Amino acid sequence: MSLNLEDIGQNIERYINDDKFLSSLKANQICKILDNSRLTSSQYSTLFFNLSKYFGKVDMLIILSHAHTDTFQTRNDARLVSDTISSVLGINTLNNLFSFYETSQKTEPEEKKIAVIVQTSAVDKKVFQISPDKTILDLKNLIYQELSIRPEDEELCDDQYFDENEKLKTLSIRDGSSLYLVFNTARPYSNEFKINIKTLTGKCFTIDKVNKDTRVIDVKNRIRIKEGMCIGQQRLIFAGNQLQNNDTLGYYKIQKDATLHLVLRLAGAKPVIYLYPEEETDVTVNIKAKDGEFSFVYPSFDHDSTWHVHAFPNGDLVHHGHHHPCLFWESLFYPSFDNNNGNNNDNENDNENREGFVIEGRQVVSFFEDTLRHINLSDREIFDFITFWCPKLIDMKYIKITFHFDDYCSQFPLSISPSPRHVNRIFFCATPLSTHISLRRPNLPIIFITSFFYV
1 MSLNLEDIGQ NIERYINDDK FLSSLKANQI CKILDNSRLT SSQYSTLFFN LSKYFGKVDM
61 LIILSHAHTD TFQTRNDARL VSDTISSVLG INTLNNLFSF YETSQKTEPE EKKIAVIVQT
121 SAVDKKVFQI SPDKTILDLK NLIYQELSIR PEDEELCDDQ YFDENEKLKT LSIRDGSSLY
181 LVFNTARPYS NEFKINIKTL TGKCFTIDKV NKDTRVIDVK NRIRIKEGMC IGQQRLIFAG
241 NQLQNNDTLG YYKIQKDATL HLVLRLAGAK PVIYLYPEEE TDVTVNIKAK DGEFSFVYPS
301 FDHDSTWHVH AFPNGDLVHH GHHHPCLFWE SLFYPSFDNN NGNNNDNEND NENREGFVIE
361 GRQVVSFFED TLRHINLSDR EIFDFITFWC PKLIDMKYIK ITFHFDDYCS QFPLSISPSP
421 RHVNRIFFCA TPLSTHISLR RPNLPIIFIT SFFYV
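Quick note: the sequence shown uses the UniProt record's numbering, first residue 1, plus one each step.
Written as structure tokens, this is what we have:
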């Protein structure tokens with residue numbers, strides 16, 4: 001009597017535990033049965049464990065190749081089949097492959113791609129689709145594929161220069177963000193000419209190989225490469241106009257040997273106001289930012305850059321029922337005073353005629369402890385200063401530090417009512433240096449701490 005192998009395959013669940021039946025079959029018969037069946041992971045495991053009692057590994061491998069399973073619904077289904085294959089054939093590789101598959105499924109999916117706009121010239125731009133998990137270097141490689149510009153020749157920036165190893169999301173580059181594409185070396189132009197750059201300190205230098213189609217952002221990048229000045233800190237002025245990044249030199253009618261004035265924009269980070277009245281009193285504090293803007297204040301102004309607080313002799317301030325140790329403000333501004341831009345290339349004799357300190361980064365804590373105590377700041381004020389600034393400075397090779405007093409007051413006019421007997425205002429600039437330079441040490445003033453005073 002012949003067996004209907006197709007019918008047996010369609011009803012395989014009746015036979016998977018029938019040892020007498022399974023032992024009577026030949027390998028080719030089982031293959032035909034399996035060609036007409038679909039097994040659950042549990043049926044698969046049971047059937048092949050039972051068949052392994054009667055067939056060797058060669059036959060089992062052939063039989064396994066004819067088996068069809070339902071789609072795995074869970075990871076346990078895949079694991080059950082994986083363990084069965086490993087047990088029947090003794091092949092750990094298959095088990096490892098299943099483990100790899102399982103592990104890969106646990107990996108978080110790549111974030112949805114964002115559109116990044118890259119401004120390649122004053123009139124041309126390209127849009128690149130890229131995951132925010134990718135780096136600046138990955139974006140450079142996309143640009144290379146599209147525009148054949150080698151990654152080592154490219155720089156991407158907005159108001160800052162981007163490290164190519166940073167992820168886009170770390171740099172807050174989002175869907176629709178716009179970046180400038182600039183170049184590490186001067187590009188060949190027709191009708192080339194050079195322009196002059198003059199700083200507030202009177203220093204002049206030239207930028208060559210530009211033409212009417214050169215963008216302002218490209219000039220700023222050349223200044224960054226030549227002088228080490230961050231793009232976001234640069235403001236270029238010509239004929240009374242502040243030059244916008246994506247405009248060309250031709251737009252402003254800038255021609256051969258024209259002089260552009262460079263003003264550095266500094267970030268006034270963690271300027272704070274301490275008040276020490278002789279007795280409890282209501283105080284009104286108003287501060288202005290000439291040629292600048294407040295990027296952050298805390299607590300918020302009550303109106304028109306003005307706070308109204310209740311002040312205590314120990315320095316405690318109450319603003320709308322909340323206690324504060326000080327008033328915090330931060331500003332982006334263009335300094336009217338000379339901090340020499342931190343340039344290492346100035347003439348050494350010129351440096352010796354300027355005042356300031358040059359220290360190693362690892363010396364910042366002891367330097368500020370000694371210097372701020374000499375100025376007569378309190379322990380609390382020194383603590384606030386050091387814990388904010390020293391972590392930012394300690395890894396620098398050398399640091400040029402300059403202190404500013406009267407010139408800072410004119411940059412940020414301050415009025416306090418009732419008027420303190422003494423107003424002490426201190427501003428410092430810290431500039432990283434690659435090599436040591438010589439500066440004349442300044443004589444720093446001593447802060448008065450008698451009667452109602454302000455720091």
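Think of the CB as a built atom: it goes at the ideal place given N, C-alpha and C, for glycine as much as any other residue.
Given the structure is predicted, the values throughout are model-derived calculations rather than measurements.
{"Item": "Please identify the residue among Lys134, Val118, Thr135 and Asp370 whose C-alpha is closest to the C-alpha of Val127.", "Value": "Val118"}
{"Item": "Applying the criterion that 16 or more other CB atoms from any shown protein chain within 10 Å of the CB defines a buried residue, is Ser2 buried or exposed?", "Value": "exposed"}
{"Item": "Using a 10 Å radius around the Cβ and a threshold of 16 neighbouring Cβ atoms, would you call Arg222 buried or exposed?", "Value": "buried"}
{"Item": "Report yes if the C-beta distance between residue 457 and Lys198 is below 8 Å; otherwise report no.", "Value": "Lying outside 1 to 455, the shown extent of the chain, residue 457 is not represented and no answer is given."}
{"Item": "Taking the alpha carbon of Asn184 as the point to measure from, which residue in Leu171, Asp208 and Asp218 has its own alpha carbon closest?", "Value": "Asp218"}
{"Item": "Ordered along the chain, which non-local residues of its own chain (more than five positions away) have a Cβ less than 6 Å from that of Thr259?", "Value": "Asn196 and Lys198"}
{"Item": "Looking at Cys326 and Ile273, is the spacing between their C-beta atoms short of 8 Å?", "Value": "yes"}
{"Item": "Taking just the CA atoms, how far does Leu22 sit from Gln65?", "Value": "Looking at the sequence provided, one finds Ser at residue 65 rather than Gln. The straight-line gap from Cα to Cα measures roughly 18 Å."}
{"Item": "With DSSP as the reference, label Arg235 as helix, strand or coil.", "Value": "strand"}
{"Item": "Classify Pro151 as helix, strand or coil using the three-state DSSP reduction.", "Value": "helix"}
{"Item": "Are the CB atoms of Ile143 and Phe162 within a distance shorter than 8 Å?", "Value": "no"}
{"Item": "From Ala239 to Lys140, what does the alpha carbon distance come to, in whole angstroms?", "Value": "36 Å"}
{"Item": "With 16 other CB atoms within 10 Å as the buried threshold, where does Gly56 fall?", "Value": "exposed"}
{"Item": "Excluding the five sequence neighbours on either side, which residues of its own chain have a C-beta within less than 8 Å of the C-beta of Asp18, listed in chain order?", "Value": "none"}
{"Item": "For the beta strand (DSSP E) that Lys198 lies in, which residues bound it at each end?", "Value": "Phe193 to Thr199"}
{"Item": "Ile287 and Trp329: beta carbons closer than 8 Å?", "Value": "yes"}
{"Item": "From Asn28 to Glu111, what does the alpha carbon distance come to, in whole angstroms?", "Value": "49 Å"}
{"Item": "Going by alpha carbons, who is nearest to Ile399 out of Cys429, Thr306 and Ser305?", "Value": "Cys429"}
{"Item": "Short of 7 Å in beta carbon distance, which residues of its chain neighbour Glu166, apart from the five on each side in sequence? Order them along the chain.", "Value": "Thr135 and Ile136"}
{"Item": "Just list the residues that DSSP pairs Trp329 with in beta bridges.", "Value": "Val297"}
{"Item": "With H, G and I counted as helix, E and B as strand and the rest as coil, what does DSSP make of Pro391?", "Value": "helix"}
{"Item": "Classify Leu25: buried if its beta carbon has 16 or more other beta carbons within 10 angstroms, exposed otherwise.", "Value": "buried"}
{"Item": "Quick one: does the C-beta of Asp370 sit closer than 7 Å to a heavy atom of the ligand HEM?", "Value": "Absence of the ligand HEM is noted for the structure shown, with no ligands found whatsoever."}
{"Item": "Buried or exposed for Phe427, please, with buried defined as at least 16 other CB atoms from any protein chain shown within 10 angstroms of its CB.", "Value": "buried"}
{"Item": "Could you give the DSSP three-state label for Ile143: helix, strand or coil?", "Value": "helix"}
{"Item": "In its own chain, which residues sit with a C-beta less than 6 Å from the C-beta of Asp213, not counting the 5 before and 5 after it?", "Value": "Thr248"}
{"Item": "Taking the C-alpha atoms as reference points, what is the distance between Asp208 and Arg373?", "Value": "48 Å"}
{"Item": "Any idea if Gln233 is buried or exposed, counting beta-carbon neighbours within 10 angstroms, 16 or more meaning buried?", "Value": "buried"}
{"Item": "Taking the C-alpha atoms as reference points, what is the distance between Thr170 and Asp133?", "Value": "9 Å"}
{"Item": "Can you give me the Cβ contacts of Ile30 inside the same chain, cut-off strictly under 6 Å, excluding the 5 residues immediately before and after it?", "Value": "Ile63"}
{"Item": "Please state whether the Cβ-Cβ distance between Thr46 and Ile16 is less than 8 Å.", "Value": "yes"}
{"Item": "Count the other CB atoms within 10 Å of the CB of Thr93; is the residue buried (16 or more) or exposed (fewer)?", "Value": "Because Thr93 carries a pLDDT of 44, less than 50, the predicted location of this residue cannot be relied on, and the following value inherits that uncertainty. So Thr93 ends up on the exposed side."}
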